[in-house]
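A.B. asks:
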Amino acid sequence: MQTEPIQTDAVIVGAGPVGLFQVFELGLLEIKCHIIDSLAYPGGQCIELYPDKPIYDIPAVPVCTGKELTDNLLKQIEPFGATFHLGQEVMVVQKQEDGRFFVQTSNGTTFLTKTIFIAGGVGSFQPRTLKVDGLEKFDETQLFYRVRNPAQFAGKNLVIVGGGDSALDWALNFVAEGPNKADSVILVHRRDGFRAAPANVAKMRDLCEAYEMQFVVGQVTGFEESAGRLSSLKVTGSDGVTRVMPLDMLLVFFGLSPKLGPIADWGLGIDRKQLTVDTEKFQTNIPGIFAVGDINTYPGKKKLILSGFHEAALAAFGAAPIVFPEKRILLQYTTTSPKLHKVLGVESPVFD
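Add 813 to a position in the sequence shown, counting from 1, and you land on the number used in the working numbering.
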């Protein structure tokens, strides 16, 4: 059992791509950090929502999946030995008389840190659930709001509910030939219009015409079970007729409901559930607390991973004078700096 708080230069709240890159930028400045995330694994939304979907706008990386991006970031920060505290949420942040912050998590882990970096994405996000009494008992056995392992749906009879990009993407994914191909796919949406990419909607309709999948307009109003397992879904159409659809697995994509959670009680400046920051060092209204990535807002803010990477770099330089008040902070380049090569554990190149 922990008796004394962990003393550190920085605590990063959120282990998504921007939080992971924040480790790298702090490491280059020799700022030691601990990283906390409510999920049981690093990667944030990239792993939670689209681990196998392609990302095209990472500079110099034409395409990568959310998992590949996460894996590469984890490899990039290996030299800095950041300590991860996963499956726990920051509950308490208190400014101390010496200027440091006392931080406590839901697991009782405590820290005394000189700086805090909030990289919590959209906050603590939860999927919007399907409101049918009794259905929740099938959570994570036959009812899923996220796809973490596509292989578990291979060869199954699937009903997918939703009208956004996630519902269409996964419906098309499980119809396509490949190792994750389902035995059958029925897409259910409350209306005939979609909030998804038009090309995917058109592709779905073509597949329905070819009898490779089905699309049903209606709402889920009940279910049937057999021997303790979900056996079929009741879907009531706009015509008032209720149809029974046998299934093995039910996937529901109604989107996410982001919540700031305990962050809302830390005395930080908030605008529409986002933390207000300056654009010099992405510091909040509380000196020593920085916010980077999707959780912050400022004039011209764009919610892009590459924007978060830029913010992480400037936030690290903004924090350095707090961590090292007597030290002159110089901008150095990883290409040419022997000091950074030493920090990174690489051999300095010899230039002619």
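We treat Cβ as the ideally placed atom computed from N, Cα and C, and that holds for glycine.
Values in this document were obtained by computation on a predicted structure and should not be read as measured data.
Checking 8 Å against the spacing of the C-beta atoms, do Ile-973 and Leu-1046 come in under that value?
C.D. replies: Walking along the sequence shown from the start, residue 973 turns up at place 160. Walking along the sequence shown from the start, residue 1046 turns up at place 233. Not closer than 8 Å, so no.
A.B. asks: Identify whether Ser-1051 lies in helix, strand or coil by the three-state DSSP scheme.
C.D. replies: As a working mapping, residue 1051 is identified with position 238 in the sequence shown. Note: Ser-1051 maps to coil in three-state DSSP.
A.B. asks: Assign Arg-1042 to one of three DSSP states: helix, strand, or coil.
C.D. replies: Here residue 1042 is taken as the residue at index 229 of the sequence shown, counted from 1. Strand at Arg-1042.
A.B. asks: Let me know the secondary structure DSSP gives Ile-871 once reduced to three states.
C.D. replies: In the sequence shown, residue 871 corresponds to position 58, counting from 1. Strand.
A.B. asks: Cutting at 7 Å between CB atoms, please list the residues of its own chain near Cys-859, excluding the five before and the five after it.
C.D. replies: Counting from one through the sequence shown, the residue named residue 859 turns up at place 46. Gly-829, Pro-830, Gly-879, Leu-882, Thr-883.
A.B. asks: Val-1001 and Phe-1007 - do their beta-carbons sit closer together than 8 Å?
C.D. replies: Here residue 1007 refers to the residue found at position 194 of the sequence shown. Here residue 1001 refers to the residue found at position 188 of the sequence shown. Cβ atoms of Phe-1007 and Val-1001: not closer than 8 Å.
A.B. asks: Only counting the same chain, and skipping five residues up and downstream in sequence, which positions put a Cβ closer than 6 Å to that of Tyr-1111?
C.D. replies: Locating residue 1111 in the sequence shown gives position 298, counting from the first residue. So the qualifying residues of the chain are Val-1090, Thr-1092.
A.B. asks: Have a look at Pro-855 and Leu-1119 and give me their C-alpha separation to the nearest angstrom.
C.D. replies: For the purposes of this step, residue 855 is taken as the residue at position 42 of the sequence shown. For the purposes of this step, residue 1119 is taken as the residue at position 306 of the sequence shown. In a straight line, the C-alpha of Pro-855 is about 18 Å away from that of Leu-1119.
A.B. asks: Give me the Cα-Cα distance between Val-1057 and Met-1017, rounded to the nearest whole angstrom.
C.D. replies: Counted from its first residue, the sequence shown places residue 1057 at position 244. Counted from its first residue, the sequence shown places residue 1017 at position 204. When rounded, the distance between both Cα atoms is 22 Å.
A.B. asks: For Ile-819 and Lys-908, what's the separation of their Cα atoms in angstroms?
C.D. replies: Numbered from its first residue, the sequence shown carries residue 819 at position 6. Numbered from its first residue, the sequence shown carries residue 908 at position 95. Looking at the two C-alpha atoms, the distance is approximately 15 Å.
A.B. asks: Should Tyr-958 go down as buried or exposed, given a rule of 16 or more other Cβ atoms within 10 Å for buried?
C.D. replies: Taking the first residue of the sequence shown as position 1, residue 958 is located at position 145. Counting Cβ neighbours within 10 Å, Tyr-958 comes out buried, since at least 16 surround it.
A.B. asks: Quickly, what does DSSP pair Ser-997 with across the bridge? List them, please.
C.D. replies: For this step, residue 997 is matched to residue 184 along the sequence shown. Bridge partners of Ser-997: Asn-970.
A.B. asks: What's the C-alpha gap between Ala-984 and Ala-873?
C.D. replies: Residue numbering aside, residue 984 sits at position 171 when the sequence shown is read from its first letter. Residue numbering aside, residue 873 sits at position 60 when the sequence shown is read from its first letter. If I take the Cα positions, the gap works out to 30 Å.
A.B. asks: Identify, in the order they occur along the chain, each residue of the same chain with its Cβ nearer than 7 Å to the Cβ of Glu-861, setting aside the five sequence neighbours on each side.
C.D. replies: As a first step, residue 861 must be located in the sequence shown, where it is residue number 48. If we look at Glu-861 and ignore the five residues flanking it on each side, its Cβ neighbours are Leu-852, Arg-959.
A.B. asks: Quick one: residues in its chain with C-beta nearer than 7 Å to the C-beta of Thr-755, no 5 flanking neighbours on either side, listed in chain order?
C.D. replies: This structure gives no information on residue 755, because the portion of the chain shown stretches from 814 to 1165.
A.B. asks: Among Gly-832, Thr-821, Val-988, whose alpha-carbon lies nearest the alpha-carbon of Asn-1109?
C.D. replies: Residue numbering aside, residue 1109 sits at position 296 when the sequence shown is read from its first letter. Cα-wise, what sits closest to Asn-1109 is Gly-832.
A.B. asks: Gly-784 to Gly-1101, Cα distance in whole Å?
C.D. replies: Residue 784 falls outside the range modelled here, since the chain spans only 814 to 1165, and no answer is possible.
A.B. asks: What's the gap between the Cα of Lys-969 and the Cα of Gln-1096?
C.D. replies: Along the sequence shown, read from residue 1 onward, the residue named residue 969 stands at position 156. Along the sequence shown, read from residue 1 onward, the residue named residue 1096 stands at position 283. For Lys-969 and Gln-1096, the distance between alpha carbons rounds to 49 Å.
A.B. asks: Under a Cβ-count criterion, where at least 16 other Cβ atoms within 10 Å of its own Cβ denotes burial, should Ala-995 be classed as buried or exposed?
C.D. replies: Counted from its first residue, the sequence shown places residue 995 at position 182. So Ala-995 ends up on the buried side.
A.B. asks: Would you please state the rounded distance, in angstroms, between the beta carbons of Val-824 and Pro-1075? I believe it to be under 8 Å.
C.D. replies: Within the sequence shown, numbered from 1, the residue matching residue 824 stands at position 11. Within the sequence shown, numbered from 1, the residue matching residue 1075 stands at position 262. With a Cβ gap of about 14 Å, Val-824 and Pro-1075 do not count as contacting.
A.B. asks: Around the C-beta of Gly-1053, are 16 or more other C-beta atoms found within 10 angstroms, so that it is buried, or is it exposed?
C.D. replies: As a first step, residue 1053 is located in the sequence shown; it is residue number 240 there, counting from the start. Result: exposed.
A.B. asks: So, for Leu-839: in the same chain, excluding its five sequence neighbours on each side, which residues have a beta-carbon less than 6 Å away from its beta-carbon?
C.D. replies: Taking the first residue of the sequence shown as 1, we reach residue 839 at position 26. Contacts found: Ala-823, Cys-846, Ala-1129.
A.B. asks: Using CA coordinates, which residue listed in Ala-1133, Ile-849, Leu-1157 is at the minimum distance from Lys-927?
C.D. replies: For this step, residue 927 is matched to residue 114 along the sequence shown. Measuring from the Cα of Lys-927, the nearest candidate turns out to be Ala-1133.
A.B. asks: Since Ala-980 contacts Phe-1066 with CB under 8 Å, what's their CB separation in whole angstroms?
C.D. replies: By 1-based counting over the sequence shown, the position of residue 980 is 167. By 1-based counting over the sequence shown, the position of residue 1066 is 253. The Cβ separation is near 4 Å, so the contact holds.
A.B. asks: Ignore the nearest five residues each way along the sequence and tell me which others in Ile-1135's own chain have a CB closer than 7 Å to its CB.
C.D. replies: If you number the sequence shown from 1, residue 1135 lands on position 322. Within the same chain, Ile-1135 has close Cβ partners Lys-927, Thr-928, Gly-1101.
A.B. asks: Under the rule that 16 or more other beta-carbon atoms within 10 Å means buried, what is Gly-1082, buried or exposed?
C.D. replies: As a working mapping, residue 1082 is identified with position 269 in the sequence shown. It counts as exposed.
A.B. asks: For Ser-1036, does the three-state DSSP call read helix, strand or coil?
C.D. replies: Along the sequence shown, one-based indexing puts residue 1036 at 223. Residue 1036 is actually Phe in this sequence, not Ser. DSSP places Phe-1036 in strand when its eight states are reduced to three.
A.B. asks: DSSP three-state label for Pro-830, please.
C.D. replies: Sequence index remark: in the sequence shown, residue 830 carries index 17 (1-based). Of the three classes helix, strand and coil, the one that applies to Pro-830 here is helix, per DSSP.
A.B. asks: Could you give the distance in angstroms between the alpha-carbon of Lys-1094 and the alpha-carbon of Glu-1160?
C.D. replies: On the sequence shown, position 281 is the one that residue 1094 refers to. On the sequence shown, position 347 is the one that residue 1160 refers to. One C-alpha to the other measures close to 31 Å.
A.B. asks: Using three-state DSSP, classify Ala-964 as helix, strand or coil.
C.D. replies: Position 151 of the sequence shown holds residue 964. In this structure, Ala-964 counts as helix in the three-state DSSP scheme.
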